[in-house]
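2 protein chains.
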Amino acid sequence: MKPHRPRELTREEALRCLASVRVGRLVYTHQALPAIRPVHHVVDDGEVLIRGHAGSALLPALDTVVAYEADSVSGDDRIGWSVTVTGVARRLDGTDLGERLRQWANGDAGYVIWIHPELVTGFGAAEENGTA
Amino acid sequence: MKPHRPRELTREEALRCLASVRVGRLVYTHQALPAIRPVHHVVDDGEVLIRGHAGSALLPALDTVVAYEADSVSGDDRIGWSVTVTGVARRLDGTDLGERLRQWANGDAGYVIWIHPELVTGFGAAEENGTA
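Chains as they are written, first to last, in my numbering: chain A, 82 to 213; chain X, 82 to 213.
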């Protein structure tokens with residue numbers, strides 16, 4: 082088997098990879114230290130929407146520049162692709178969302194964190210990035 | 082089915098969770114922006130060791146305060162536990178490592194990033210944190 086050489090993904094490829102999974106990690110700053118939380122997301126028309134937790138853990142992320150990462154790890158722990166989106170985290174409430182997203186958000190909590198992807202980076206082994 | 086109420090993990094529980102998986106995400110700063118990379122780790126006598134990539138992506142993390150997160154996500158995308166370790170990332174070369182770790186490191190690249198966990202936080206649903 083040939084080794085999988087990772088390569089940079091285009092913005093479109095990276096967003097497609099991100100849209101193909103449902104869990105990623107929100108990275109933000111809390112009390113001057115980096116904080117990371119696994120959360121659920123969807124990609125909706127190029128925008129990244131994250132389901133707020135019932136608790137307050139994610140509140141320090143609001144209105145700050147955050148990173149959001151998702152990746153693909155195979156059953157034998159091989160890392161396929163990784164995508165990171167950087168942008169400001171904004172809070173959306175139910176009234177800002179269409180019916181489908183409102184239902185998705187309410188499954189866990191009452192709000193959604195919206196990240197407009199200012200910067201999108203990613204790498205992946207060509208065989209595994211969902212763009213073949 | 083009762084909902085899984087996450088609770089804070091003790092340091093020992095959190096390190097045990099971290100030791101139970103092989104992939105996590107290193108969070109550091111690169112060009113004034115948060116950077117995240119999925120990587121492979123082991124926990125060795127309470128210390129976190131990360132396998133350096135063949136490339137130079139992780140070099141900006143060295144000698145800075147980083148966060149390292151791992152989590153457990155089930156097949157239906159439910160988030161079980163999440164553990165974050167914070168500390169300074171130091172580079173270890175082959176001569177610093179015992180035989181077992183040297184073999185592990187050389188499988189991918191020639192160096193290891195060592196994080197002494199100054200701060201260990203974690204949460205988990207009691208049923209899923211590997212400490213029952």
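Each residue gets a CB set at the ideal place from its N, CA and C atoms; glycine is no exception.
Quick caveat: nothing in here was measured; it's all calculated off a predicted structure.
Go ahead and label residue i buried or exposed: buried means 16 or more other beta carbons lie within 10 angstroms of its beta carbon, across all protein chains shown.
| i | result |
| --- | --- |
| residue 91 of chain X | exposed |
| residue 93 of chain A | exposed |
| residue 40 of chain A | Residue 40 of chain A lies beyond the residue range present for chain A, which begins at 82 and ends at 213; the question has no answer from this structure. |
| residue 134 of chain X | buried |
| residue 136 of chain X | exposed |
| residue 114 of chain X | exposed |
| residue 122 of chain A | buried |
| residue 106 of chain A | buried |
| residue 65 of chain A | The shown model of chain A, from 82 to 213, leaves out residue 65 of chain A, and the question about it has no answer. |
| residue 83 of chain X | Here the model assigns residue 83 of chain X a pLDDT of 48, short of 50, so the residue's position is not dependable and the matter cannot be decided. |
Out of the options, state which residue places its alpha-carbon closest to the alpha-carbon of residue i.
| i | options | result |
| --- | --- | --- |
| residue 172 of chain A | A:142, A:152, A:101 | A:142 |
| residue 199 of chain X | X:149, X:159, X:177, X:178 | X:149 |
| residue 177 of chain A | A:108, A:168, A:194, A:169 | A:194 |
| residue 127 of chain X | X:98, X:138, X:115 | X:98 |
| residue 202 of chain A | A:196, A:179, A:164, A:183 | A:164 |
| residue 125 of chain A | A:183, A:206, A:114, A:138 | A:183 |
| residue 179 of chain A | A:120, A:155, A:134, A:192 | A:192 |
| residue 167 of chain A | A:155, A:144, A:154 | A:144 |
| residue 174 of chain X | X:100, X:131, X:119 | X:131 |
| residue 103 of chain A | X:155, X:129, X:89, X:116 | X:155 |
| residue 116 of chain A | A:146, A:95, A:101 | A:146 |
| residue 96 of chain X | X:129, X:87, X:88 | X:129 |
| residue 196 of chain A | A:169, A:181, A:204, A:206 | A:169 |
| residue 87 of chain A | X:138, X:206, X:204 | X:138 |
I need the DSSP call for residue i, collapsed to helix, strand or coil.
| i | result |
| --- | --- |
| residue 113 of chain X | coil |
| residue 159 of chain A | coil |
| residue 138 of chain A | coil |
| residue 199 of chain X | coil |
| residue 91 of chain A | coil |
| residue 125 of chain X | strand |
| residue 177 of chain X | helix |
| residue 107 of chain A | strand |
| residue 182 of chain A | helix |
| residue 143 of chain X | coil |
Meets three-Cβ-pair contact criterion under 8 angstroms: the stretch 102 to 118 of chain X and the stretch 156 to 163 of chain X
No, they do not touch.
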